[in-house]
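Report on one structure; see the data block that follows.
Take a look at the structure:
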């Protein structure tokens, strides 16, 4: 049993690395099974009834979401849901909690060494940040598709709220050890908030467009004007972020100690 445990610990770092690179794309593919798009049909509409709609899978428009074939695919998706999108973050969290004492007390154990891929970039007080951030990624790329068919605005609102929540957590917790990593993560969160806010605003603008009302009547700008406004802010944010990165790299390089000769204080 001891030999088996040592073998598992040796294989764990590679397994975690492979799992980390696959989990987002695999989970997104699984969660897209719940993404059905509704289309109006040509079925006869009785007086007083709404126009009938039929839903099809967004990734395969030949698959009707009301058929037994789709029901089978959905059942498999529910099974895989607990293996990848839910199972992987729980696995990460379980491994980190099992290594918590070793991480916080700076007394490495075989398990903490094998799982350092998950926590070594973060402060000890925020050792749990990796599975938390993974939940954010999976929510933005997949979980937001569940039970939101035909509600694009709802998806954007959920994504916006999640991005604002993690922007706040990033600011309050400052989980990264390196200042540069923390600043880059902060700018990434702000950029996502801007993207989702722009999407929500432009979508709302298009919904307001009628024969007697235009987007400019409510927002003071056309859809194109709103797009240029958000693009300008995003470009400015990117420029500030690049300048900040350059400044942080410069200051870090200037703090590197330099060997000098005692005789003349010159570099050798």
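In our numbering, the protein residues as written are 104 to 371.
We treat Cβ as the ideally placed atom computed from N, Cα and C, and that holds for glycine.
Cutoff 6 Å; reference residue i; Cβ partners in own chain excluding five residues on either side
i           : result
residue 198 : 218
residue 147 : In this prediction, residue 147 scores a pLDDT of 49, lower than 50, which makes its location untrustworthy; the coordinate-derived value is nonetheless stated afterwards. Counting only Cβ-Cβ distances below 6 Å, and skipping sequence neighbours, we find nothing.
residue 111 : none
residue 149 : Summary for residue 149: the model assigns pLDDT 49, below 50, so the residue's position carries little reliability; its value from the coordinates is reported in the next sentence. If we look at residue 149 and ignore the five residues flanking it on each side, it has no Cβ neighbours.
Cβ-based neighbour list, residue i, same chain, cut-off 7 Å, excluding 5 preceding and 5 following
i           : result
residue 215 : 202, 205, 206
Residue of the options minimising C-alpha distance to residue i
i           : options            : result
residue 302 : 288, 312, 258      : 258
residue 243 : 228, 267, 169      : 267
residue 209 : 122, 163, 194, 226 : 226
residue 262 : 245, 275, 277      : 245
residue 236 : 166, 298, 195      : 195
residue 162 : 231, 248, 115, 183 : 248
residue 320 : 327, 144, 308      : 308
residue 168 : 293, 334, 250      : 250
Residues sharing a beta bridge with residue i, DSSP
i           : result
residue 116 : Note: residue 116 sits in no beta bridge, so no partner.
residue 347 : Residue 347 pairs with nothing; no bridge assigned.
residue 158 : 141
residue 163 : 160
residue 279 : 225
Other residues of its chain near residue i: CB distance less than 8 Å, five sequence neighbours each side excluded
i           : result
residue 187 : 126, 129, 130, 133
Simplified DSSP state of residue i, which is helix, strand or coil
i           : result
residue 121 : helix
residue 249 : coil
residue 149 : The pLDDT assigned to residue 149 is 49, lower than 50, so where the model puts this residue is not dependable; a value taken from the coordinates is nonetheless given after this. Residue 149: coil per DSSP, three-state reduction.
residue 210 : coil
residue 131 : helix
residue 170 : coil
residue 202 : coil
residue 325 : coil
residue 258 : helix
residue 104 : coil
Residue span of the beta strand (DSSP E) that contains residue i, given as start and end
i           : result
residue 188 : Counting along the chain, residue 188 falls outside any beta strand (DSSP E), and DSSP gives it neither H nor E.
Continuous alpha helix (DSSP H) stretch holding residue i: start and end
i           : result
residue 215 : 213-217
residue 318 : 318-322
residue 233 : 232-244
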